[in-house]
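If you're matching them up, the sequences are chains A, B and C in order. Each residue of the first sequence is one higher than the one before, starting from 1 at the first, in the working numbering. Each residue of the second sequence is one higher than the one before, starting from 1001 at the first, in the working numbering. Each residue of the third sequence is one higher than the one before, starting from 2001 at the first, in the working numbering. Please read the structure below before turning to the comments.
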Amino acid sequence: MSEAEVLFQVEHVTRRYKLARTRLLGPRREVTAVDDVSFTLRRGETLGVVGESGSGKTTLMKLLLGLERPDEGRVTYSGVRLTREVQVVFQDPASALDPRMRVADIILEPVRVMRLPGDRQKRVEELLDAVGLPRDSAHRYPHEFSGGQRQRIAIARALAPHPRVLIGDEPVSALDVSVRAQILNLLEDLRVGFDLTLVLVAHDLSVVRHMCDRVLVMSRGAIVEEGPTREIFRAPQNPYTRLLLDSIPRLKNRRAAST
Amino acid sequence: MADALGVEDLHVLVGGVEAVRGVSFALEAGSRTGLIGESGSGKTLTALGLMGLLPDGISATGRVLYKGRDLLSLADEEFCELRGDRLAMIFQEPMTALNPVMRIGDQVAEPLMVHRHMGRQEALAAAMQILQRVHIADAAEKMRAYPHQLSGGQRQRAMIAMAMACSPDILVADEPTTALDVTVQAQILRLLDELVNEQGATLLLITHDLPVVASTCDHVLVMYGGKIVETGTVAQVFDRPRHPYTRALLDAIPPLDEELPDRHLRAIPGSVAGLGQFPPGCPFRNRCPTADGKCVEMPPVARVGDHLAACWHPVGGEP
Amino acid sequence: MRRLPLPLVAGGILVGLIVLVALLSLVWTPHDPDHVVIPIRFQGPSSTYLLGTDQFGRDELSRVMAGARNTLLVGIVTIVIAIAVGVPVGALSALYRGPLEEIFMRASDVLLAFPAILLALLFAAVFRPSTITAMAAIGIAFVPIFARVVRGAGLQVMEMDYVTAARTFGSRGWWILVQHLLPNVANVLIVQATIAFAVAILAEAALSYLGIGTPPPTASWGRMLSDSQDYLYQSPLLALWPGLAIALSVLGFNLLGDGLRDLLDPKLVVRAPAQA
């Protein structure tokens, strides 16, 4: 079977930030957020990027979105137009939607900015259907919806310009536990239905285990391990990965002494 | 074994609307109990209620029995003497729980000075020992640091140090690790485990994270819509859940050691209702796969199998 | 339907009253406010002259009414100047950050260091003192305050994920400014404007009092107050009317601002994440 088309080629990418000035004289301290990172993203796969705070996963996400440029190395997107074809869903449904805009306008914003053709009213209806929201949501404001519903609106917005790649930045961690599964199921349905390639940036390893084919494990800006999800979770090679996996509290692990 | 704390029919009202609607439970001395719930379940208000820390505009009725006294009937000054000394609480976000303009050492020393009437030097010396006990490296140096100079994990340790300084009988931890990285979370949970063991304290751990409860606690209380819907030991509740909500929560957790067909989880439909918007009767009624007409009436907490649940149609059939 | 906050209602009524009086005075006052009739000066309140007459025999009530016009004019023009300059400065600083922000903010700081009175004196010295110089001075003095407020609120907006999302689909600065930044700082701006209005009234009164504001014979509450000082023996009430007018308008705008803040802010509060 031939390998799927490569969508993203990330080659030896490094990104540094200058920290705020702490001394009056002398150069500002630098931190290397992403350190010599290389990987490929193929069409149709679901890639997980896991790491704790400071691992560089958020910066990597911004590099993929084109919001930042690498200081060294290259990020090559092989599609036609990155801004249209790569979209993002953020973690916090409360700050992801402009409270002063109606849902229809929120969802259509990318279409307007990119001046995409097509019947806009119809597009809104299609998208609301696709994410499981009633059509009359279009006239409402974000504060009238629950967290899970707002996340659906954010997903609809991301889908509006017909993207090929959807990047989720911890898309369910700010949601109620009983709602998370709905959104994860939705993402999976959309992936299949719209032929999307997903990148899930998460610190919640069980979400990554469940959704992703492949995983990149990041620590301090570098990829410490990468491979198929099943293998990484079953037999992690890198000590940090092992530490990460051992730290996950498990439903089946019970306290030794019980009353 | 004696109960360290007994809660009887606790109701908490937020601006006239009931957020906690008649909660009763007991904590055995030396036990660890997990209180599971999501937003709107009333778990945080329950915790604040039994600590006497409810903000203005929020009131509580019912009884909270500690060593034969009803805490809710105590005057403020009397409760203040117990808080920090016999009952302690730690919170989710250490940055807001710690005073940003006070050095760590002073903050940890504070409960010792207030409750043990130690002088400042003596209290600071004791504080340093406690900081070492919670595994803060370079404790001497950190004593003079401010909260913003510490990492998230260290701040949480400092908060635990403050809480455990007077060796309280009861420790209430409200989502203590939710804001932390997973490796730090593991360390903090281990620390809590050690300290609670060492001091023989009783732990009430509030969280929405079921695996955390499974691996840290002996007993579980599951709350939804201001009521307790299931309670029992961890083994009983997690291996043989009887309430549909508990069952649904367990189903919704992505498993770590297997792949699901179609990558689909069994999701609970709908979303958690807002304050005062739960339907009459069983609060889970509108999202429950087995609800029927009977559920308009709130089921009592009753024995189902080997533990207690509040449901007319428990999982696994009627008892 | 939410009950309106009391300060809003009270402030609204007071401000409404002043606006009505000012508008009315354009078409009608009991007597001509500038008509000098020396023989009847310093009269106390009577049926013809409800608030009495001033040192030139002019009807005090008519002058107070005409003064409302002046007050509102000053308030409006100064706020317009302050917003016209301050909002772009603040908004662009928040939007682009970097050297532009530095320049704008440091210039603001310099301007902030100048008390409005000093600026007014400067203008009065260079040009003739008039209502225009007073308004220009106060307006310019307010620019840094508005710039700061808009920048502060703007920075918060820029942190929001919806702005980052807008960037990912290629929005340029202009789109973000108009679509997201300005609408979301509007509330803060409105509140700031009402409060600044109150301060502007006081400032103009002070300038007129000092003689570098509205020149005679135009009715101005500040100058009326100042003039009344010389005649406290003959007619102490002459100090009461303009003073009361100033106090009530400042109170009205302050209450309105407070009420608006209470009304508008809760809707802007970002709800805590839905989880536990």
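Ideal Cβ placement from N, Cα and C applies to all residues, glycine included. Computed from a prediction, not measured in an experiment: that's the story for all the values here.
How would you label I1130/B, buried or exposed, when you count the other beta carbons within 10 angstroms and need 16 or more for buried? Looking up residue 1130/B in the second sequence gives position 130. Buried: at least 16 other Cβ atoms inside 10 Å.
Closest by CA to L97/A, which one among N2184/C, V2087/C, V2149/C? The residue labelled residue 97/A in the question sits at position 97 within the first sequence. Taking each of N2184/C, V2087/C, V2149/C in turn and checking the Cα distance to L97/A, the smallest one comes out for N2184/C.
H1264/B - DSSP class collapsed to helix/strand/coil: Taking the second sequence and counting its residues from 1, one reaches residue 1264/B at position 264. In the three-state reduction of the DSSP assignment, H1264/B falls in the coil class, being assigned neither a helical nor a strand state.
On a CA-only basis, which of L175/A, A158/A, H12/A is nearest D105/A? Give me that one, please. Here residue 105/A refers to the residue found at position 105 when the first sequence is read from its first residue. Measuring from the Cα of D105/A, the nearest candidate turns out to be A158/A.
How about D176/A: is its C-beta nearer than 8 Å to some C-beta of chain B? As a working note, residue 176/A is residue 176 in the first sequence. Taking Cβ atoms only, chain B reaches closer than 8 Å to D176/A, which makes this a yes.
Would you list, in sequence order, the uninterrupted alpha helix (DSSP H) runs of no fewer than 4 residues that lie entirely inside the region 2003-2075 of chain C? 2006-2027
May I ask you to report which of helix, strand or coil DSSP gives I1104/B? Here residue 1104/B refers to the residue found at position 104 of the second sequence. Helix.
Report buried or exposed for L19/A, applying the criterion of at least 16 other Cβ atoms within 10 angstroms of its Cβ. Position 19 of the first sequence, counted from the first residue, corresponds to residue 19/A. Its Cβ having fewer than 16 others within 10 Å, L19/A is exposed.
Just to confirm before moving on: does the CB-CB distance between F2104/C and V2080/C stay below 8 Å? Residue 2104/C sits at position 104 when you count from the first residue of the third sequence. Residue 2080/C sits at position 80 when you count from the first residue of the third sequence. For F2104/C and V2080/C, no; Cβs fall outside 8 Å.
Who are Q87/A's beta bridge partners in DSSP? Within the first sequence, residue 87/A is the residue found at index 87, counting from 1. For Q87/A, which the question treats as bridged, DSSP gives the partners L166/A.
Applying a beta-carbon distance threshold of less than 8 Å, which residues of chain A neighbour L1249/B? Locating residue 1249/B in the second sequence gives position 249, where the first residue counts as 1. V177, S178, listed in chain order.
With 16 other Cβ atoms within 10 Å as the buried cut-off, status of A235/A: Here residue 235/A refers to the residue found at position 235 when the first sequence is read from its first residue. With fewer than 16 Cβ atoms within 10 Å of its Cβ, A235/A is classed as exposed.
Our contact map puts A156/A next to L128/A with C-beta atoms below 8 Å; I'd like the distance itself, whole angstroms only. Taking the first residue of the first sequence as position 1, residue 156/A is located at position 156. Taking the first residue of the first sequence as position 1, residue 128/A is located at position 128. Their Cβ separation, rounded to whole angstroms, is 6 Å, which keeps A156/A and L128/A in contact under 8 Å.
Could you tell me the alpha carbon to alpha carbon distance between R1190/B and F145/A, rounded to whole angstroms? The residue you call residue 1190/B lines up with position 190 of the second sequence. The residue you call residue 145/A lines up with position 145 of the first sequence. Taking the straight line from one Cα to the other gives about 38 Å.
I'd like to know whether the C-beta atoms of R1083/B and K1227/B end up nearer to each other than 8 Å. Residue mapping note: residue 1083/B aligns to position 83 of the second sequence, counting from 1. Residue mapping note: residue 1227/B aligns to position 227 of the second sequence, counting from 1. Going by C-beta atoms, R1083/B is not nearer than 8 Å to K1227/B.
Go ahead and pull the three-state DSSP assignment for A1158/B. Here the question's residue 1158/B lines up with position 158 in the second sequence. In this structure, DSSP gives A1158/B a helical state, which the three-state scheme calls helix.
Helix, strand or coil: how does DSSP classify S1073/B here? For the purposes of this step, residue 1073/B is taken as the residue at position 73 of the second sequence. In the structure shown, S1073/B sits in a helix (DSSP, three-state: H, G or I).
Length at least 3, wholly inside the region 1225-1264 of chain B: the beta strand (DSSP E) runs in chain order: 1227-1233
What's the gap between the Cα of K57/A and the Cα of V1301/B? In the first sequence, residue 57/A corresponds to position 57, counting from 1. In the second sequence, residue 1301/B corresponds to position 301, counting from 1. For K57/A and V1301/B, the distance between alpha carbons rounds to 46 Å.
Straight-line CA distance for L244/A to L2260/C? Translated into positions along the first sequence, residue 244/A becomes position 244. Translated into positions along the third sequence, residue 2260/C becomes position 260. Using only the alpha carbons, I get a separation of about 50 Å.
Among H1148/B, A1310/B, Q1121/B, C1295/B, which has the Cα closest to the Cα of M1223/B? The sequence position of residue 1223/B within the second sequence is 223, counting from 1. Residue A1310/B is the option with its Cα nearest to M1223/B.
For chain B, is any of its Cβ atoms less than 8 Å away from the one on G227/A? Your numbering for residue 227/A matches position 227 in the first sequence. No, G227/A does not count as interfacial toward chain B.
M2001/C classed as buried or exposed, judged by whether at least 16 other C-beta atoms fall within 10 angstroms: Working through the third sequence from its first residue, we reach residue 2001/C at position 1. In this predicted model, M2001/C has a pLDDT of only 42, less than 50, meaning its place in the structure is not dependable; the value taken from the coordinates is given anyway. The residue in question, M2001/C, is exposed, as its Cβ has fewer than 16 Cβ neighbours within 10 Å.
Among T2194/C, I2195/C, V2143/C, which has the Cα closest to the Cα of R2106/C? Position 106 of the third sequence, counted from the first residue, corresponds to residue 2106/C. Put simply, of T2194/C, I2195/C, V2143/C the residue whose alpha carbon is nearest the alpha carbon of R2106/C is V2143/C.
Straight-line CA distance for T2071/C to L2026/C? Position 71 of the third sequence holds residue 2071/C. Position 26 of the third sequence holds residue 2026/C. For T2071/C and L2026/C, the distance between alpha carbons rounds to 13 Å.
Burial state of R1069/B (16 or more Cβ within 10 Å): Counting from one through the second sequence, the residue named residue 1069/B turns up at place 69. Per the 10 Å Cβ criterion, exposed.
Taking contact to mean 3 or more Cβ pairs, one atom from each stretch, closer than 8 Å, check whether the region 21-41 of chain A and the region 205-212 of chain A are in contact. no
Helix, strand or coil for H203/A? Go by DSSP, reduced to three states. Taking the first sequence and counting its residues from 1, one reaches residue 203/A at position 203. Of the three classes helix, strand and coil, the one that applies to H203/A here is coil, per DSSP.
F233/A (DSSP reduced to helix, strand or coil): For the purposes of this step, residue 233/A is identified with residue 233 of the first sequence, where counting begins at 1. Helix at F233/A.
Do Q91/A and L166/A count as a contact pair if the criterion is CB distance below 8 Å? Position 166 of the first sequence, counting from 1, holds the residue named residue 166/A. Position 91 of the first sequence, counting from 1, holds the residue named residue 91/A. Contact flag unset, no.
Using a Cβ cut-off of 8 Å (strictly closer), state whether Q2275/C contacts chain A. Locating residue 2275/C in the third sequence gives position 275, counting from the first residue. With a pLDDT of only 31 at Q2275/C, under the threshold of 50, the placement of this residue in the model should not be trusted, and no figure is reported.
From E1093/B, R1120/B, L1308/B, residue whose alpha carbon lies closest to that of D1106/B: The residue labelled residue 1106/B in the question sits at position 106 within the second sequence. Considering only alpha carbons, the answer is R1120/B.
Compare the C-beta of W2174/C with all C-beta atoms of chain A and state if any pair is closer than 8 Å. On the third sequence, position 174 is the one that residue 2174/C refers to. For W2174/C, the answer is no, since every Cβ of chain A falls outside 8 Å of its Cβ.
Closer than 8 Å at the beta carbon, the chain A residues around H1208/B: In the second sequence, residue 1208/B corresponds to position 208, counting from 1. Those are D176, V177, listed as they occur along chain A.
Tell me the rounded alpha-carbon separation between V13/A and S219/A. Start at 1 with the first residue of the first sequence, and residue 13/A comes out as number 13. Start at 1 with the first residue of the first sequence, and residue 219/A comes out as number 219. V13/A and S219/A: Cα-Cα distance of roughly 15 Å.
So within the region 2201-2233 of chain C, which uninterrupted alpha helix (DSSP H) runs reach at least 4 residues, ignoring any that extend past its ends? With a minimum length of 4 residues, the continuous alpha helix (DSSP H) runs that stay inside the region 2201-2233 of chain C are 2221-2230.
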